[in-house]
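Engineer:
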Amino acid sequence: MTDLIPVLSDEELREINAEIAHVPVPAAVAIDALKIVQAHRGWVSDESLQAIARHLEMSAEELEGVATFYNLIFRRPVGENVILLCNSISCWIKGCDKLQAKISAQLGIALGETTPDNRYTLLPVTCLGACDKAPVMMVGEELHENISEQGLGDVFGEDGG
Amino acid sequence: MPVIRIDGVEYEVEAGGNLLEATLGLGLDLPYFCWHPAMGSIGACRQCAVVQYLDEESEQAGRGRIVMGCMTPVTDGAIFSLGGDRAQQFREAIVESLMLNHPHDCPVCAEGGECHLQDMTVMVGHRDRHYRGRKNTHRNQYLGPLIHHEMNRCITCYRCTRYYRDYAGGTDLAALASRDHIYFGRHQEGVLQSEFAGNLVEVCPTGVFTDRILVHDYTRKWDLQSAPSVCTGCAVGCNTLPGERYGRLKRVHNRYNVEVNGYFLCDRGRFGAGFVNSDKRLEYPGLRREDGRYDALDHHRALQQLQAACNQGNLAGIGSPRTSVEANFLLRTLVGPDNFSPGFADSEQPLVNLALQLQQDSPAVTPDLRSIESADAVLVLGEDVTNTAPRIALALRQSVRNRAYAMAADLGLETWQDAAIRNLAQDERSPLYITAPGDTPLDDVAAGTDRLAPQDIACLGQAVAASIAGDSNEAGQDRAAEIAAALAGAQRPLVVSGTGCASGEVMQAAAAVANALCTAGRQAMLCLAVPEANSLGQALLCGADAPDFSALQQRAEAGEVDTLLVLENDLYRRGDGDRIDRLLAAFKRVIVLDGLDNATTSSADLVLPAASFAESEGTLVSLEGRAQRHFPVFPPPAERRPAWVWLLACLKELEREEAGSLHHFDDITRACAAAIPGLSGIPAAAPDHHFRNAGVKIPRQTHRYSGRTAMRADVSVHEPKQPQDEESALAFTMEGLNRAQPGSLLPYVWSPGWNSNQSLHKFQGEVGGPLKGGTAGVRLLQPGSGPVVSGSTGPEPFRAEDGQWQLVPRQKIFGSEELSALSPGIDELVTPAFVELGSADAESLGVADGDGLELGDGLARLELRINDCIPAGCAGFAAGHAGAENLQPLARVTLRRAEGWQRREPQIIGSDGGGGND
């Protein structure tokens, strides 16, 4: 069955190998390798995970333990833009629940879901390190601060994007 | 020794331990989950919380602090309270939190009644659950035919991964996800790959990992009848506790023996006894008719037939290395030593005799498993112990950690500080060198592996011995010098070899290394694996000059003997079919005593059904020369009898003088000990049938054993009298005393409040120490004075020959042993017989992985597996597998593509759809 696993792309391998050059054992770059593959593919599939594990001389279980420990390594497909809505204490005080309801209504997706057009995936996150500007969320690489229900329209458009 | 105070009472405790160990060792109750006596402390579950006081003043004021027992060293003058209110409340709260997601499914859980979580919950007094939220639920995984997975029950103590990965070296079980999503399982469904996965059943404190065979044929622990037994899966002699109900062997649990298996078994041992329930078991004696079919007889008529045959004929006998010393001794008595063959294959007999002789002669110590774990440098020569004597491999895995313990000692860390020591040591290991004719499952912890033909293994071994002795090295023997330096630099060096690669030269080289180390003043150990549960006992019984099959055949052909009795031995596994046909054809009559229908019973004129190890008493001599007694777990059906009963009855019918004084099983043991100097110690393996524990017998049934009246109510409402056991100190009842008896007579572990196997510490003098009643078994071998090592250079190096390949046995934990391979679950894991070649050799033959190869001139047709660890010029073959019987180890054979070979379809991994169905 192992023969069926697609090899990682040359670009992915080049980047992973560059990381390996800095560490004593390949398994030490497990997180970096997962991030590299996710950067290229949006998420980490079973096949990708098995390929990375083989490249890093780890068992798939060892790497799966790492991959599933971190909530920002995606082991299921996500949309083009991942919305990370903070629900930690500051953002909660400042009404993130209402924001989430609004986003869900606007985009038609609950937490953990992806819009049918594959543009957005909505996920909760425990902290984005910007409590002084709560409530906050990230959409893709961009941090949105002090968001209000009205402000959401600017981000997603009135029609939900 | 430090004195500590617990709740106002002063106790003297062992220095260097932790409080939890000390507390349990003192007989006090303190709940715990993540700690395990064989795996040390990590302080993760917070269950063993106690209050520690700074001094007496703070004790009186009740101003203490909560500490974890498992992480707290015992120091002189330390003051603790187990019963202190806050500690008690804390422990109750911990159980309540661990139970948040635990289902209320005890009535349908296979762990129920022997669940550590149940015991601890009751112990802390937690009763009412306050949590009203939803419980997490998980999908279960198919983990193979042996282990059942029910993840919802998990309390995240991490014992499973600590055992599976850290202790047993498995890689395919991990803690996945985080927080309250944690999941212990595989990346994808599939068979757990570790040969020791079955211990998860006993390691898991609740019902996440349970015995899948038991789950589908279930009986609660308290309803099982069990007896002390010894595993017959290989020669290690692990102590086991098989459990029975309704005449069926339900499961095998570990029976603690501090010097042998400790807390763990291998999967062949745990799951390989299911053959006892096989449809192929013989229930009635059978007499062959003219048409080749058999008439069933009762045992009286069968005995008449046996007696008549013995009266008419001149007897010869073939014994069995897989059954007891006593049965073999009786058959040998019946037919006479000159006409008794031990029952080894012709090529195997000199190897087993050599293994015995080398251990008797060598000044090196024959180690028990605990000593193997203590080795700080190991050389394995030619033996794939994971597949021939699996429990040794688990012990070797622990031995490589001695470097870590040494590093820890430098820092003043105690050995139970598991996480700290693993962090400290990282990949530092004591040296383990493995030399074998292929890869082995221990290679991952080896400092060096050499894949060589058997002759070259012997050469390397001799070179190591020469190097230790200081003889100048030949060029190109850097490896030998490296290994020699590692062994000579160690405090407790160990050499492991055995009959596994079928080469006497390899074992001689191993002995040469051990002897050289002794000569150099080291405390060397020499461990030689032999194939079967009583191989060594058979060699001790019969001596080196016992006739082999060829000798018996010659005697039969010369007309000296004409009636052959075969004891529990399928001869067709010990030679090629034609050869065995000729052997049997040389006799007028063939009488076979065996448990299961096989090719040999099918050739017999008279078949007598023999009780299995689980229905019979017997003494087995393990590879370390330890004689151990197994006792019947349940009586066999009426017409099936232990082989010793058949043979003793026959001797008595024949009015043989030797039988006059034999009334009980113990009498046979004693007669054997008196007659055979090498076995003189065997009566001491266990107390005799006169023994009483505080005046009463020892019960095989727990005091909660239920339904005895109802068990046969569908047949008759009259409860039959319980069978009487006249042969041992054990009884087939629940009456008696299972407490403080000799270690060899422990039928189950249970203690008030401790229903699971964790109750074991109540039977130990100290945690991890010997049983209070003493360690089971008696050692028969003493280190020899040893011949001085000569500068032997060993055999000639191996030379590959064009068009000829040397057959090297490849042993498999599942498949190479006869009876375990017939057990449910394991039968699914046995692969079809195969032949292995390196890719260059395969290329030269123009064949690829999965093609068929014909070996020799029609000797076998086997599937090819490409394996680049097989030395050039060698062909590995699946030893002991159906289809490979005709292959002679180390013979040179031709290989060619098998005509008309059908390649197998790729296998799809099956699934039972996960759990939830128990």
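Chain order of the listed sequences is A and B. Letter by letter, the first sequence follows residues 1 to 161 of this note's numbering. Letter by letter, the second sequence follows residues 162 to 1079 of this note's numbering. Just so it is clear, CB atoms sit at the ideal spot from N, CA and C, and this is done for glycine as well.
Which residues share a DSSP beta bridge with D611(B)?
Structural biologist: According to the DSSP secondary-structure assignment, D611(B) is paired through a beta bridge with T596(B).
Engineer: Taking only beta-carbon positions, decide if L1056(B) is within less than 8 Å of chain A.
Structural biologist: no
Engineer: When you compare only the Cα positions, how much space is there between G1075(B) and D507(B)?
Structural biologist: With a pLDDT of only 40 at G1075(B), under the threshold of 50, the placement of this residue in the model should not be trusted; the figure read from the coordinates follows. So the two alpha carbons sit approximately 47 Å from each other.
Engineer: Using a Cβ-Cβ cut-off of less than 7 Å, give me the residues of the region 57-74 of chain A that come near chain B, in sequence order.
Structural biologist: S59, A60, E61, E62, E64, G65, T68, F69
Engineer: So is A1059(B) in contact with chain A if we call contact Cβ pairs under 8 Å?
Structural biologist: no
Engineer: Exposed or buried, what is E1015(B) when buried is set at 16 or more other beta-carbons lying within 10 Å of its beta-carbon?
Structural biologist: When all chains shown are included, E1015(B) counts as buried.
Engineer: Using the beta-carbon count (16 or more within 10 Å), is R740(B) buried or exposed?
Structural biologist: buried
Engineer: Sort out for me which residues DSSP pairs S242(B) with in a bridge.
Structural biologist: V212(B)
Engineer: Give, in chain order, every residue of the region 1000-1026 of chain B whose Cβ lies closer than 8 Å to some Cβ of chain A.
Structural biologist: none
Engineer: Measure the Cβ-Cβ separation of P192(B) and M260(B) and say whether it is below 8 Å.
Structural biologist: no
Engineer: Could you tell me the alpha carbon to alpha carbon distance between D190(B) and N899(B), rounded to whole angstroms?
Structural biologist: 20 Å
Engineer: If the cut is a Cβ gap below 8 Å, which residues of chain A does L334(B) touch?
Structural biologist: Simply E61.
Engineer: Threshold first: 3 residues or longer. Then list the beta strand (DSSP E) segments lying entirely within the region 780-832 of chain B, N to C.
Structural biologist: Unbroken beta strand (DSSP E) runs of no fewer than 3 residues, entirely contained in the region 780-832 of chain B, are found at 787-791, following chain order.
Engineer: Spell out the partners DSSP gives C86(A) in its beta bridges.
Structural biologist: V125(A)
Engineer: Using a Cβ distance threshold of 8 Å, determine whether the region 300-317 of chain B contacts the region 40-58 of chain A, with at least three qualifying pairs required.
Structural biologist: no
Engineer: Establish whether the CB of R347(B) and some CB of chain A are separated by less than 8 Å.
Structural biologist: True, the Cβ-Cβ gap to chain A drops below 8 Å.
Engineer: Under three-state DSSP, which class holds E405(B)?
Structural biologist: strand
Engineer: Give, in chain order, every unbroken run of the alpha helix (DSSP H) that is at least 4 residues long and sits entirely within the region 371-447 of chain B.
Structural biologist: 373-376, 428-432
Engineer: Taking a contact to mean a Cβ-Cβ separation below 8 Å, would you say I553(B) touches L585(B) in this structure?
Structural biologist: no
Engineer: Which of helix, strand or coil does DSSP assign to P908(B)?
Structural biologist: Correct three-state label for P908(B): coil.
Engineer: Nearest-angstrom Cα distance between G537(B) and H299(B)?
Structural biologist: Per the sequence shown, the amino acid found at residue 537(B) is Asp instead of Gly. Each residue's alpha carbon lies about 43 Å from the other.
Engineer: What does L519(B) reach in chain A if we use C-beta pairs closer than 7 Å?
Structural biologist: Per Cβ cutoff of 7 Å: no residues; L519(B) is ~39 Å from chain A at best.
Engineer: In this structure, does DSSP put V352(B) in helix, strand or coil?
Structural biologist: coil
Engineer: Taking 8 Å as the CB-CB cut-off, is G1075(B) touching chain A?
Structural biologist: Residue placement at G1075(B) cannot be trusted, given a pLDDT of 40 that sits under 50; what the coordinates show is reported in the next sentence. Judged by the 8 Å Cβ criterion, G1075(B) is not in contact with chain A.
Engineer: Grab me the residues of A624(B)'s own chain with a C-beta within less than 6 Å of its C-beta, minus the 5 sequence neighbours each way, in chain order.
Structural biologist: Q638, A641
Engineer: Taking 8 Å as the threshold (beta carbon to beta carbon), is V437(B) in contact with chain A?
Structural biologist: no
Engineer: How big is the Cα-Cα spacing for A820(B) and Q883(B)?
Structural biologist: 29 Å
Engineer: Please name the residue, chosen from Q249(B), A645(B), A525(B), S1000(B), that lies closest to S946(B) on a Cα-to-Cα basis.
Structural biologist: A525(B)
Engineer: Could one say the Cβ of A120(B) lies closer than 8 Å to chain A's Cβ atoms, at least one of them?
Structural biologist: As displayed, chain B neither begins before 162 nor continues past 1079, which places residue 120(B) out of reach and without an answer.
Engineer: Which chain A residues sit within Cβ distance under 7 Å of A765(B)?
Structural biologist: The premise fails here: A765(B) is roughly 46 Å from chain A at the closest Cβ pair, so nothing lies under 7 Å.
Engineer: Apart from the five residues on each side of it in sequence, which residues of its chain come closer than 7 Å, Cβ to Cβ, to K1080(B)?
Structural biologist: The structure shown has nothing for residue 1080(B), since chain B only spans 162 to 1079.
Engineer: Does the beta carbon of S339(B) come closer than 8 Å to any beta carbon on chain A?
Structural biologist: At a cut-off of 8 Å between beta carbons, S339(B) contacts chain A.
Engineer: Would the region 648-657 of chain B count as touching the region 694-712 of chain B if we require 3 or more Cβ pairs under 8 Å?
Structural biologist: no
Engineer: Would you identify the three-state DSSP class for V283(B), choosing helix, strand or coil?
Structural biologist: helix
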